[in-house]
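Chemist: First, the structure itself, so that you have it in front of you.
2 protein chains.
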Amino acid sequence: MARPRKPLLSRERIVAAAGALVDSEGLDAVSTRRLAAELGVSGPSLYNHFRTKDEILEAVADAVSAQVDLSMFAEHDSRDWATALHDWALSYRAALRAHPQIVPVLARGPGRRPAGLRVADAVFGAMVRAGWPPAQATHIGALMRYFITGSALGSFARGFVDDETAYDPADYPHLGRAHLLAGHQEAVDEGAFETGLRAIIEGLGVQYAALDRS
Amino acid sequence: MARPRKPLLSRERIVAAAGALVDSEGLDAVSTRRLAAELGVSGPSLYNHFRTKDEILEAVADAVSAQVDLSMFAEHDSRDWATALHDWALSYRAALRAHPQIVPVLARGPGRRPAGLRVADAVFGAMVRAGWPPAQATHIGALMRYFITGSALGSFARGFVDDETAYDPADYPHLGRAHLLAGHQEAVDEGAFETGLRAIIEGLGVQYAALDRS
DNA sequence: ACCTGAACACCGTTCAAGT
DNA sequence: ACCTGAACACCGTTCAAGT
């Protein structure tokens with residue numbers, strides 16, 4: 001059955017299947033043979049639609065980026081720049097939280113991913129419109145991405161081993177035992193994200209107020 | 001020559017060789033066979049010293065964490081908490097910049113890595129000593145790590161493709177063409193890190209001033 | 001154009017055998 | 001205890017062959 005009259009595959013179907021596999025079994029479960037089997041074809045077929053396996057994973061990451069809400073950066077939106085940044089950060093984090101396993105790929109930077117660049121473009125446009133100098137507007141988009149992806153990578157489904165005996169308290173004089181438990185870690189992630197987001201936006205507010213607006 | 005009288009390998013030698021290989025050729029170049037060849041032994045020998053390849057990479061990441069300067073958090077150090085955080089962030093970033101290829105492993109969180117935990121412990125202790133409530137002190141260590149590792153991951157040796165034709169300006173109305181060049185990207189990384197670090201510390205300063213110190 | 005099976009050059013890891 | 005070669009069950013990717 002060499003070639004069917006109707007193509008069996010499409011980039012969309014491949015990305016959807018790969019995304020589902022990443023979500024359910026993790027990045028390591030995605031091999032070209034396994035993914036192809038999931039799609040009912042043989043391994044090499046994928047290479048008619050993507051040049052490498054990495055391109056497939058980049059596309060999965062981009063699909064997650066595409067789910068980030070950008071409406072707060074629209075010209076007609078009434079939110080001020082600080083509120084828009086805050087709301088965007090929450091939406092961004094929610095998207096990553098829904099697909100934690102792809103974050104390592106996504107965190108590598110927007111690279112050549114269209115949705116990632118669209119996000120950068122929206123933030124940049126809104127910050128410039130709010131009065132930020134272009135260079136600073138670029139920095140704001142990047143630093144927010146650093147913080148949000150960094151927090152997603154360093155936290156979800158990760159953290160400490162749930163075996164207290166793995167740590168000798170003498171080695172970490174200040175950390176209480178509670179800090180070393182995976183259960184506690186989820187609360188830490190949440191709190192650290194909130195504290196950090198608030199600090200960044202407050203700090204940017206200080207810098208914004210000090211801008212020489214001539 | 002089954003077993004020599006003096007062991008050919010040690011955890012230290014393996015970690016050193018793996019680190020050198022990661023630095024020179026990247027994470028993908030590290031296979032157990034290749035690493036073993038670099039050490040003059042056969043692949044399976046490594047399993048006498050580490051349980052998995054991943055444990056080796058974790059140890060490499062931990063060795064990088066161990067290079068982060070923590071002297072600013074020492075009890076006798078005269079720097080205030082904000083200056084200490086700032087100086088620490090620069091040292092942390094410098095360590096990652098020296099070994100950018102291991103960052104994906106390191107960014108997964110302190111996990112079971114002793115040096116990573118020592119860092120967390122030092123920050124926590126210094127923040128509590130400065131008057132931060134314990135919960136907030138924990139958050140500060142985590143959020144700084146998010147930002148620093150996120151920026152290292154999203155930037156170094158990454159970023160945009162250096163082919164202008166890869167992007168259609170119509171898709172990104174606000175981003176100028178300059179933003180899409182790899183050369184420009186390095187400056188963005190630097191500026192975004194500085195802006196972000198300043199914002200975080202200024203923002204934390206606001207929160208610190210508002211603490212109810214009774 | 002799009003899929004196939006075969007093939008190439010690899011993987012991580014286990015294990016019995018050696019000293 | 002620590003290393004070896006052989007082996008298992010995989011990999012990503014290329015390519016000629018099929019329609």
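Chains Z and C, in that order, give the protein sequences. Under UniProt numbering, the first residue of the first sequence carries the number 1, and numbering increases by one thereafter. Under UniProt numbering, the first residue of the second sequence carries the number 1, and numbering increases by one thereafter. Idealized CB from N, CA, C, for every residue including glycine. Values in this document were obtained by computation on a predicted structure and should not be read as measured data.
Which residues in the same chain have their Cβ closer than 7 Å to the Cβ of Z:D168, if we skip the five residues on either side of it in sequence?
Modeler: There are no such residues.
Chemist: Z:L8: which of Z:V41, Z:R118, Z:D171 and Z:R34 sits nearest, CA to CA?
Modeler: Ranking Z:V41, Z:R118, Z:D171 and Z:R34 by Cα distance to Z:L8 puts Z:V41 first.
Chemist: With 9 Å as the limit, tell me which residues of the region 139–159 of chain Z have their beta carbon closer than that to any beta carbon of chain C; keep them in chain order.
Modeler: Cβ contacts with chain C come from H139, I140, G141, A142, L143, M144, R145, Y146, F147, I148, T149, G150, S151, A152, L153, G154, S155, R158 and G159.
Chemist: Straight-line CA distance for C:G111 to Z:S78?
Modeler: About 42 Å.
Chemist: Which value, in whole angstroms, describes the spacing of the CA atoms of C:Y146 and Z:L153?
Modeler: In a straight line, the C-alpha of C:Y146 is about 8 Å away from that of Z:L153.
Chemist: Quick test of your reading: Z:A89 and Z:I148, contact by CB under 8 Å. State the CB separation rounded to the nearest angstrom.
Modeler: Rounded, the Cβ-Cβ distance is 6 Å, consistent with contact.
Chemist: Hey, quick one: how far does the alpha helix (DSSP H) through C:D77 stretch, first residue to last?
Modeler: Note, C:D77: premise wrong, no alpha helix (DSSP H); not H, not E.
Chemist: I'd like to know if Z:Q67 contacts chain C, where contact means its C-beta is closer than 9 Å to some C-beta of that chain.
Modeler: Closer than 9 Å: no.
Chemist: Is C:G150 helix, strand or coil by DSSP?
Modeler: Three-state DSSP puts C:G150 in a helix.
Chemist: For chain Z, check one thing: does any of its Cβ atoms lie closer than 9 Å to the Cβ of C:P104?
Modeler: Chain Z, which has a Cβ nearer than 9 Å to the Cβ of C:P104, makes this yes.
Chemist: Shorter than 9 Å from the beta carbon of Z:F50 to some beta carbon of chain C?
Modeler: So, not an interface residue.
Chemist: Return yes when the Cβ of C:A61 is within less than 9 Å of the Cβ of C:L117, no when it is not.
Modeler: No; because the gap between Cβ atoms is not below 9 Å, this pair is not in contact.
Chemist: What residue from C:A187, C:Y208, C:A209 and C:A199 has the CA that sits closest to Z:V206's CA?
Modeler: That would be C:A199, whose Cα lies nearest to the Cα of Z:V206.
Chemist: If you reduce the DSSP assignment to three classes, tell me which class C:G41 lands in.
Modeler: The identity of residue 41 of chain C in the sequence shown is Val, whereas the question assumes Gly. DSSP places C:V41 in coil when its eight states are reduced to three.
Chemist: Please report the straight-line C-alpha distance between Z:Q101 and Z:G26, rounded to a whole angstrom.
Modeler: Z:Q101 and Z:G26: Cα-Cα distance of roughly 6 Å.
Chemist: Report yes or no: is there a C-beta of chain Z within less than 9 Å of the C-beta of C:Q207?
Modeler: Chain Z, which has a Cβ nearer than 9 Å to the Cβ of C:Q207, makes this yes.
Chemist: Taking contact to mean at least 3 C-beta pairs separated by less than 8 Å, is the region 64–84 of chain Z in contact with the region 92–99 of chain Z?
Modeler: Judged by Cβ distances under 8 Å, the region 64–84 of chain Z makes contact with the region 92–99 of chain Z, as three or more pairs qualify.
Chemist: Could you check which residue in C:A122, C:E38, C:P114 and C:W81 has the C-alpha nearest to that of C:E55?
Modeler: The candidate whose alpha carbon is nearest that of C:E55 is C:P114.
Chemist: Is there a Cβ of chain C sitting closer than 9 Å to that of Z:Q136, yes or no?
Modeler: For Z:Q136, the answer is yes, since a Cβ of chain C falls inside 9 Å of its Cβ.
Chemist: Mapping DSSP to helix, strand and coil, what is C:V68?
Modeler: If DSSP states are grouped into helix, strand and coil, C:V68 belongs with coil.
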